[in-house]
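Have a look at this one:
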């Protein structure tokens, strides 16, 4: 039983957020616009704390994850297969979200407390692949961190982690331990920030309802349906097809063997909290060796975030639709690429996607109080979506372990329901 599951219902985060949402709705309806200045700052403060943890969280997460791989030809081969699978499935997840958010267009005509007189942000994207490459490679890493240039930071972190993995044993272990400890500290800090979510939600929802009434929740409901539909397509169509094509594994067997970790992932909203159960189940029920599972699954809990990548891409497009901005195909491809890279740095803690979505927003220069207000409104219905996308993340990790084990010659993987 996880610590969160042992708590009484009123101390669990998702119930606290739902309660805060209800109280914020009532406060906004009763107090109207007069109450907004008194409580809106709570939401603004919460958004600032989310932004505060972005740079150190991503840096420590990626560097520690890549550096922990180690060296050697066999590990190099295993690393290549693992990263290839993670990039493939994350890209497919993003495409599912991209297609559905363009078809359904949940943000069109939505009123989420955005002032019609407010100046819309100017969307900025590289004009060519060469410009994109130049933007990704930083000339000054410290300046990139100060400017929240996350594409450049992600690129540097991956290279730095790979460099650490090639060092002799003593400096490698020293640096790996340092960044792993830093990542643990940032996970703890992020969990503290997320614990403030009910207070932030109250302020944000009060502002939304007090300014625009209940009309905004129609758009949020449609947005929620869009995200949930895309996650469902990825979980029940895309990943099973990947299992069949790449691993020659029957999806029904894998689903049944993974029932316990999927349930736990949904209830905890944390890939990290679920990891011990995922490891045990993948070894004992799926039939993957410890050599494969102990490498693929911990790495996946840090860098393989299909559901989060999908959410980030679709969320940014939803925000642009609310603002009345039509992203071109080229601009949407930039969002796809950024979501793919940013999902690598999404820590395995509840609602980490809320932090990482700002990375993708920065990539196309979507920023300002209007954007933050929309993100705050999205937060109100994020908890059930976070639970669902965590289950998708964990299932993708387990599929990767099974497929890679089959590719390494292991024949007892998902041969029966155990």
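Residue numbers (the numbering used here): 221 to 638. For every residue, glycine included, the Cβ atom is placed at its ideal position computed from N, Cα and C. In this text, all values refer to a predicted model and were calculated from it rather than measured experimentally.
Original post:
Between the C-alpha atoms of residue 593 and residue 547, what's the straight-line distance to the nearest angstrom?
Top reply: 20 Å
Subject >> Through-space distance from residue 517 to residue 306, alpha-carbon basis >> reply: 11 Å
Original post:
Quick one: any contact between the segment 464–476 and the segment 620–633, if contact means 3 or more CB pairs under 8 Å?
Top reply: yes
**OP:** May I have the straight-line CA-CA distance separating residue 459 from residue 614, to the nearest angstrom?
**Re:** Roughly 12 Å between the two C-alpha positions.
**OP:** Report the option in 242, 502, 561 whose CA atom is closest to the CA atom of residue 430.
**Re:** That would be 242, whose Cα lies nearest to the Cα of residue 430.
**OP:** State the CB to CB distance for the pair residue 526 and residue 454, rounded to an integer number of angstroms; the pair is presumed to be in contact (CB under 8 Å).
**Re:** Residue 526 to residue 454, Cβ: 6 Å. Contact.
Original post:
To which residues of the same chain is residue 364 closer than 6 Å at the C-beta, ignoring the five residues directly before and after it?
Top reply: 358, 372, 373
Original post:
Which residue from 279, 321, 606, 597 puts its Cα closest to that of residue 171?
Top reply: Look at the range of the chain in this structure, 221 to 638, and you will see that residue 171 is not part of it.
**OP:** Answer with buried or exposed for residue 561, where buried requires no fewer than 16 other C-beta atoms within 10 angstroms of its C-beta.
**Re:** buried
**OP:** Out of 543, 356, 428, state which residue places its alpha-carbon closest to the alpha-carbon of residue 557.
**Re:** Comparing Cα positions, the closest option is 356.
**OP:** Whole angstroms is fine: what's the gap from residue 263's alpha carbon to residue 235's?
**Re:** 18 Å
Subject >> N- and C-terminal bounds of the alpha helix (DSSP H) containing residue 474 >> reply: Residues 471–477.
**OP:** Determine, using beta carbons only, whether residue 448 and residue 316 come nearer to each other than 8 Å.
**Re:** no
Original post:
Taking three-plus beta-carbon pairs below 8 Å as touching, is the segment 524–542 in contact with the segment 583–602?
Top reply: yes
Subject >> residue 253 in three-state terms, based on DSSP >> reply: helix
Original post:
Smallest Cα separation from residue 521: which of 611, 552, 274?
Top reply: 611
**OP:** Pull up the distance between the alpha-carbon of residue 581 and that of residue 552, whole angstroms please.
**Re:** 12 Å
Original post:
What first and last residue would you give for the alpha helix (DSSP H) that runs through residue 535?
Top reply: 526–542
Subject >> Residue from 549, 387, 271, 508 with nearest C-alpha to residue 619 >> reply: If we check each option's Cα against that of residue 619, 508 comes out closest.
Original post:
At which residues does the alpha helix (DSSP H) containing residue 399 begin and terminate?
Top reply: Secondary structure note for residue 399: its alpha helix (DSSP H) is the uninterrupted segment 389–415.
**OP:** Note the first and the last residue of the continuous alpha helix (DSSP H) segment covering residue 363.
**Re:** 361–366
Original post:
By Cβ distance, which residues of its chain are closer than 6 Å to residue 426, with the 5 residues on each side in sequence left out?
Top reply: Apart from sequence neighbours up to five positions away, the residues of its chain that approach residue 426 with a beta-carbon distance below 6 Å are 244, 247, 248, 259, ordered along the chain.
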